[in-house]
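*Asks:* Heads up, the sequence shown is in numbering that gives the first Met the number 0, so the first residue is 0 and it goes up one at a time. Yeah, the Cβ is synthetic: ideal placement off N, Cα and C, and Gly gets one too.
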Amino acid sequence: MNEGEIFMPTQERVMVFAAGEGSIEPTGQYSDDEVMAASDEAQKPIEDSAVVCMDERGSAEGDQPVREKVAGGNLATGTFAAVAVDWLLLTEEVKGRGPQAVIDVVATHLVDTGERLGGHTSNHASGDTTDCGAVDKSGQTTDNIDKYATDEAWIDQAKIDLGDGFRQDHWDKSHAGFSALARNTKWKNWQRSYIQEAIKKHGGIVEVVDATPDIDRDPQNVRHNHWGEAARINHQAGKSNDRDHASIPTFQVDVDALVRTARKMASSEDEFSLLLHAMVMFQYGTTYTLTRNMRIIR
Ligand SMILES: [Zn+2]
Ligand SMILES: [Zn+2]
Numbered sequence: 000m001n002e003g004e005i006f007m008p009t010q011e012r013v014m015v016f017a018a019g020e021g022s023i024e025p026t027g028q029y030s031d032d033e034v035m036a037a038s039d040e041a042q043k044p045i046e047d048s049a050v051v052c053m054d055e056r057g058s059a060e061g062d063q064p065v066r067e068k069v070a071g072g073n074l075a076t077g078t079f080a081a082v083a084v085d086w087l088l089l090t091e092e093v094k095g096r097g098p099q100a101v102i103d104v105v106a107t108h109l110v111d112t113g114e115r116l117g118g119h120t121s122n123h124a125s126g127d128t129t130d131c132g133a134v135d136k137s138g139q140t141t142d143n144i145d146k147y148a149t150d151e152a153w154i155d156q157a158k159i160d161l162g163d164g165f166r167q168d169h170w171d172k173s174h175a176g177f178s179a180l181a182r183n184t185k186w187k188n189w190q191r192s193y194i195q196e197a198i199k200k201h202g203g204i205v206e207v208v209d210a211t212p213d214i215d216r217d218p219q220n221v222r223h224n225h226w227g228e229a230a231r232i233n234h235q236a237g238k239s240n241d242r243d244h245a246s247i248p249t250f251q252v253d254v255d256a257l258v259r260t261a262r263k264m265a266s267s268e269d270e271f272s273l274l275l276h277a278m279v280m281f282q283y284g285t286t287y288t289l290t291r292n293m294r295i296i297r
């Protein structure tokens, strides 16, 4: 297929990201209309201010309040955007100390500006992994962004999600930053679970999602109990999916949470735009890494 056909509209509000290298793909059990209706129905007012992960798996520790969602949670997305665009508050000294120091600076800044941090682990996590694919596979994500983010198909999506705010120069600058990250061994080999430690240290929420293997449907457990039928990119402020009551599991990225996080990190309009482009790029990169042939709903 040529790259212009990677995002194929099946109807006005649903597209299929007919690419990706992940193990999570729609099961074929539901129609687009069913998936869209379930996702629409799951959109509910935000009940708690922590910004958690786009992960569609349910909570293993009882139903959670409705929280906004971005790839890996706001600390992971904020950290990768900060490094990609060389955020003004990252001094050479902090960057030199490596990922943990960077994560702490981003965490402190977000909390100081009134944000509540969020992320997750699972009931099957072990060792230095988090069982948050966005975090554990961030090395593959930066590789995929390096390779594919300048493809027409990605840019077309960014023009939808950023609207009039899309700037080609800021997309290119974000891409160059992620490409550098893809070649930086410090950002390949860092201790992933530090993200969750930092979230806890700064008073945030670390959800525990249910990764219990479903050996009947997935004998090799390649899915880690991920049964997402779509990824919704939500442009409606003040709402997110009530994940733990959704009838069909669906990933969700809340654009308003990205905009607000970028706004709080930025020292200028230019830096706001750069950070937002990098954040959007990280959402697509994570989706590419974790899923394949995934429906994208807006
Ligand atoms: Zn996650
Ligand atoms: Zn797992």
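Identify every run of the alpha helix (DSSP H) within the segment 33-69, keeping only runs that are complete inside it and at least 4 residues long; order them along the chain.
*Replies:* Runs of the alpha helix (DSSP H) inside the segment 33-69: none found.
*Asks:* For Val104, which residues from the same chain have a beta carbon less than 7 Å from its beta carbon, with the 5 sequence-adjacent residues on both sides left out?
*Replies:* Leu88, Leu89 and Val93
*Asks:* Assuming Arg56 and His225 form a contact by the criterion Cβ under 8 Å, report the distance between their Cβ atoms to the nearest whole angstrom.
*Replies:* 6 Å
*Asks:* Would you tell me roughly how many angstroms separate the C-alpha atoms of Met35 and Ile295, rounded to the nearest one?
*Replies:* 10 Å
*Asks:* For Asp241, I'd like the list of residues in its chain whose CB is within less than 7 Å of its CB, leaving aside the five on either flank, ordered along the chain.
*Replies:* Ala41, Lys43 and Val65
*Asks:* If you count every other CB in all the chains shown that lies within 10 Å of the CB of Ala236, and 16 or more means buried, which is it?
*Replies:* With fewer than 16 Cβ atoms within 10 Å of its Cβ, Ala236 is classed as exposed.
*Asks:* Express the C-alpha separation of Thr249 and Asp54 in angstroms, rounding to a whole number.
*Replies:* 8 Å
*Asks:* What residues in its chain sit with their C-beta under 8 Å from that of Glu24, if we drop five residues either side in the sequence?
*Replies:* Thr290, Arg291, Asn292 and Met293
*Asks:* Beta-carbon within less than 6 Å of Val258's beta-carbon, same chain only, minus the 5 sequence neighbours each way: which residues are those?
*Replies:* none
*Asks:* Are the CB atoms of Gly118 and Gln63 nearer to each other than 9 Å?
*Replies:* no
*Asks:* Determine, using beta carbons only, whether Asp160 and Arg115 come nearer to each other than 9 Å.
*Replies:* no
*Asks:* Could you tell me whether the Cβ atoms of Glu206 and Thr120 are closer together than 9 Å?
*Replies:* Result yes, Cβ atoms of Glu206 and Thr120 sit closer than 9 Å.
*Asks:* Take the Cβ of Pro98 as the centre, count every other Cβ of all protein chains shown within 10 Å, and call the residue buried at 16 or more, exposed below.
*Replies:* buried
*Asks:* Work out the CA separation of Asn188 and Leu275 for me, nearest whole Å.
*Replies:* 25 Å
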